[in-house]
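Here is the structure we will look at.
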Amino acid sequence: MSFIRHVAIALALVTAPAMAQTDPVPEPVAPAPEPAPEPAPPPPAPAPPPPVFRPAPPAAPVREVRETMDGVEIADPYRWMEEGNSPELQAFLAGQDAFARAQLAKIPGREALLARIRELSAASVSITSVALANGKLFYLKLAPGRATPVLCARDGFAGAERVLVDPAKFDAGPRRAALAWYHASPDGRRVAYGIALGGTEDATLRVLEVAGGKDSGVAIDRARFNAQLGWHHDSNAFYYARVPEGRREVAKRNAGIRLYRHVMGRPAAQDEIVFASGMGGAREVPEFVYPSLVVPEDSNYAYAVVRNGVAREIALYQSPVRDLAAGLPRWTRIVAFEDGVTAMIAWKDDIYLLTHKGAPRYRVVVLKASKPEIARAKVAVPQGDSVIVSMALAADALYLRTTVGGLERLERLNFGIAASKTPEFVKTAFDVAMAQIVTHPRRPGAILRTQGFIEAPAVIAVEARTGNLKNTGLQPAPAADFSAMDEVRLYAKSHDGTKIPVTLLYRKTTMLSADNPTLLIGYGSYGISMAPTFDPTRLAWLERGGIIALAHLRGGGEYGEEWHRAGYKATKQNTILDFIAVAEFLIQYGFTTPGNLAIQGTSAGGIPSAGAMVRRPDLFAAVVPRVAVLDMLRMEFSQNGPANIPEFGSVATREGFDALFGMSSYHWVKDGTDYPAVLLTTGLNDPRVDPWQAAKMAARLQAANPGGRPVLLRVEREGGHGRGSTRAQREEELADIYAFLLWRFGVPAFQVAE
């Protein structure tokens with residue numbers, strides 16, 4: 001869709017005397033200009049009285065714990081649920097899940113909706129995680145008839161496709177296996193990959209010989225998350241992260257992760273530690289870090305890349321390769337967390353660093369590996385008007401993924417005879433995102449994996465000399481037809497005047513009126529932008545006349561580090577208030593009404609979604625917190641909690657407690673309040689957000705207003721945070737969410753008989 005199309009649609013949609021600005025490139029974080037005087041809009045219509053909801057879920061015992069935190073008394077009636085493996089909690093979760101599924105099954109239109117979702121899902125092929133290695137092409141492919149993606153390879157784009165790894169052969173009874181990650185060796189001869197069961201992300205590391213498909217016999221457990229794996233440049237050894245062995249207290253389960261070296265042909269029991277806190281000069285390494293190791297080709301140095309929990313900033317340690325190969329690395333820190341570096345690429349004697357220090361929209365600087373003094377780094381790409389999201393190094397250029405307000409574009413800094421002093425734009429479609437930029441320092445050009453909210457995904461080759469784009473055909477065109485759908489960008493004014501981008505998706509023939517079933521989605525954490533993603537099953541909502549609104553909240557990365565820091569720790573209230581402002585905007589300008597508006601947030605998106613619900617329950621008919629964080633005062637005592645302290649803060653400080661209390665929706669629930677209908681979801685094997693988060697919130701809401709709107713807790717017994725979910729699990733969950741919302745909106749075909 002062109003920029004003119006965006007503006008034309010925006011002007012046609014809203015007929016009020018003054019409307020949100022439709023310029024897709026607003027000044028970052030700047031307040032909107034004062035609009036011209038306009039008549040006061042009519043007050044929003046109240047949500048219609050809900051149908052009587054007589055069935056009751058199983059009640060949770062109340063065992064109140066009271067504690068004083070920084071002079072504030074905090075009551076927690078369901079602290080006992082934090083004993084995650086207790087039979088009592090497991091029984092509560094099972095009872096809640098059975099009740100929720102029974103109620104959802106009663107919704108008349110659910111089965112037809114599920115059938116349509118399955119039809120859209122089954123007809124599509126999804127290509128993800130594309131990689132190049134020595135002329136070979138690797139990728140994950142989810143094809144019709146498969147539950148989870150398989151790992152495929154071919155010799156270039158013209159070669160025949162081979163399935164290297166089908167995770168189904170690792171299924172263990174009801175526990176479905178999934179490929180958690182993979183890494184091809186530099187010469188393309190081997191692939192290391194992780195297999196995880198039941199959505200746990202706690203993978204077993206295996207290695208496959210590509211030529212014959214033979215398993216190497218390597219099987220290393222506790223390779224959690226993506227194992228931070230990196231190959232030695234000779235492809236005969238690799239480095240991987242592993243959590244320590246043995247049972248430890250919950251909040252320490254991800255502490256002390258170490259990097260090991262495995263040499264092919266040698267028993268894994270002989271793998272030696274090559275990076276850990278205090279080892280070989282690795283000083284000032286935090287307890288909760290996620291390290292990885294990079295050994296570039298044609299370089300005398302290796303690099304340990306250290307992330308402090310979920311923080312974007314990295315520390316960088318350097319060691320001579322010969323010492324690392326001898327098992328005696330000598331680590332020297334060359335980049336500290338305070339340097340604001342979020343990504344690095346090393347090649348020969350150059351180290352490219354992406355940093356926001358002194359440049360909130362980021363810049364690229366270059367160090368020499370032989371003299372890595374960051375104070376003397378040269379600027380390769382200065383800060384510009386757009387935010388640099390990521391970088392990729394090719395033989396011809398440094399390719400940059402940039403964004404303004406979540407609208408992405410591709411830029412490149414040319415090398416060689418065509419060298420340029422500033423990056424030039426590579427013309428891509430206006431409203432697609434680059435899910436991947438795949439390059440190799442020895443290969444000119446780039447491969448893009450693109451997608452949009454209503455634009456079909458594609459794998460595109462960028463020609464080095466001209467910058468022309470060519471569809472490789474690797475990604476088949478989806479069967480789902482979005483040609484009747486449209487997309488528009490608007491801006492809502494938040495509580496302090498800041499303009500919040502809002503993306504609307506809808507059918508072109510939909511009359512944008514107060515009767516529209518509307519699902520508003522938000523996230524706004526970790527500096528992550530809500531970039532366009534393609535989902536064919538989204539059509540099941542849009543073709544019914546529904547609207548999907550995506551709020552690009554502060555705390556995300558749409559306008560760089562300033563935008564992130566404006567919804568971070570003490571400023572996190574902005575994320576919640578932005579979400580409320582977007583909801584009010586949609587109601588004020590007649591897109592929907594409170595009775596037809598639902599909000600959804602996944603994971604950290606639970607902060608704005610549940611936070612908006614407890615502050616403004618009158619604005620919404622339904623709320624869907626998916627695998628969401630809801631009790632922020634207790635999060636740091638969970639297995640993934642300490643890693644999140646850099647983003648949200650800690651109750652150990654007054655400032656941290658104040659910030660966390662403000663974003664902890666569980667503690668804002670008030671007895672006797674008429675809250676919207678709520679559908680909470682969780683997975684029993686979730687390693688990122690413990691199931692007790694949803695359990696405590698469900699119990700608290702159910703007790704706060706036992707005769708009110710339904711509060712359902714849906715539990716995926718063989719699921720986690722979403723990664724590793726099967727096709728059927730995703731289809732069933734989406735059908736439940738859409739059916740629940742249409743029921744609560746009063747759509748006749750979805751009303752439950754009394």
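Using our numbering, read the sequence shown as starting at 1 and increasing by one per residue. Using N, Cα and C, we set each Cβ at its ideal position, and we do this for glycine too.
{"query": "Reference V689, options G199, P244 and G656, closest by Cα", "result": "G199"}
{"query": "Residue range of the beta strand (DSSP E) that includes E272", "result": "E272 to F275"}
{"query": "Per-residue DSSP class, three states only, for H564", "result": "helix"}
{"query": "Terminal residues of the beta strand (DSSP E) in which F238 lies", "result": "A237 to R242"}
{"query": "Simplified DSSP state of V389, which is helix, strand or coil", "result": "strand"}
{"query": "Beta bridge counterpart(s) of M485 as assigned by DSSP", "result": "R507"}
{"query": "The alpha helix (DSSP H) enclosing R121, as first and last residue numbers", "result": "Correcting the residue identity first, residue 121 is Ser in this sequence and not Arg. That run of the alpha helix (DSSP H) goes R110 to A122."}
{"query": "Where H495 falls, given that 16 or more other Cβ within 10 Å makes a residue buried", "result": "exposed"}
{"query": "Alpha-carbon to alpha-carbon, W563 and V25", "result": "Interpretation of V25 is limited by its pLDDT of 31, a score under 50 that renders its predicted location unreliable; the figure taken from the coordinates is listed afterwards. Cα to Cα, V25 sits roughly 14 Å from W563."}
{"query": "Where the alpha helix (DSSP H) containing D234 begins and where it ends", "result": "D234 -> no alpha helix (DSSP H), and no H or E assigned at all."}
{"query": "G707 versus P617 - alpha carbon distance", "result": "16 Å"}
{"query": "CA-to-CA distance, Y193 to K136, given in whole angstroms", "result": "16 Å"}
{"query": "Three-way DSSP call (helix, strand, coil) for V752 in this model", "result": "coil"}
{"query": "Cβ contact check for the segment 682-699 and the segment 713-722: 3 or more pairs under 8 Å", "result": "yes"}
{"query": "For G497, the nearest candidate out of M344, F585 and L259 (CA to CA)", "result": "F585"}
{"query": "Presumed contact (8 Å Cβ cut-off) between H552 and P501, rounded CB distance", "result": "4 Å"}
{"query": "Buried versus exposed, by CB contacts within 10 Å (16 or more), S370", "result": "exposed"}
{"query": "Candidates A628, A100, Y240 and R283, of which the one nearest I257 by Cα", "result": "Y240"}
{"query": "Expected contact under 8 Å - CB spacing of R101 and R714 to nearest Å", "result": "7 Å"}
{"query": "Nearest-angstrom Cα separation, counted from A677 out to P51", "result": "The predicted position of P51 is uncertain, since its pLDDT is 49 and thus under 50; a value taken from the coordinates is nonetheless stated next. Roughly 11 Å between the two C-alpha positions."}
{"query": "Limits of the alpha helix (DSSP H) - the one that N85 falls within", "result": "Here N85 belongs to no alpha helix (DSSP H), and DSSP marks it neither H nor E."}
{"query": "Buried/exposed call for P174, threshold 16 Cβ in 10 Å", "result": "exposed"}
{"query": "Straight-line Cα distance separating A429 from E408", "result": "9 Å"}
{"query": "Span of the alpha helix (DSSP H) around R63", "result": "Counting along the chain, R63 falls outside any alpha helix (DSSP H), and DSSP gives it neither H nor E."}
{"query": "T148 to R118 span [Cα, whole Å]", "result": "14 Å"}
{"query": "Collapsed DSSP secondary structure at P532 in the structure displayed", "result": "coil"}
{"query": "CB contact flag (V432, E455, <9 Å)", "result": "yes"}
{"query": "Same chain, Cβ closer than 7 Å to A581, neighbours up to 5 away in sequence not counted", "result": "A492, K493, S494, H495 and I500"}
{"query": "Contacts around P532, its chain only, beta-carbon distance under 7 Å, and the 5 residues preceding and following it disregarded", "result": "D431, V432, A433, Q451, G452 and F453"}
{"query": "Pair within 9 Å by beta-carbon distance, P108 and Q751", "result": "yes"}
{"query": "Distance cut-off 8 Å: L741 Cβ against heavy atoms of the ligand ATP", "result": "With respect to the ligand ATP, the structure offers nothing, as it holds no ligand at all."}
{"query": "Beta-ladder partner(s) of D76, from DSSP", "result": "V65"}
{"query": "The segment 562-579 contacting the segment 343-351, beta-carbon criterion three pairs below 8 Å", "result": "no"}
{"query": "Within 9 Å, strictly: CB atoms of T472 and F157", "result": "yes"}
{"query": "Where F170 sits in the DSSP three-state scheme", "result": "helix"}
{"query": "R538 classed as buried or exposed, judged by whether at least 16 other C-beta atoms fall within 10 angstroms", "result": "buried"}
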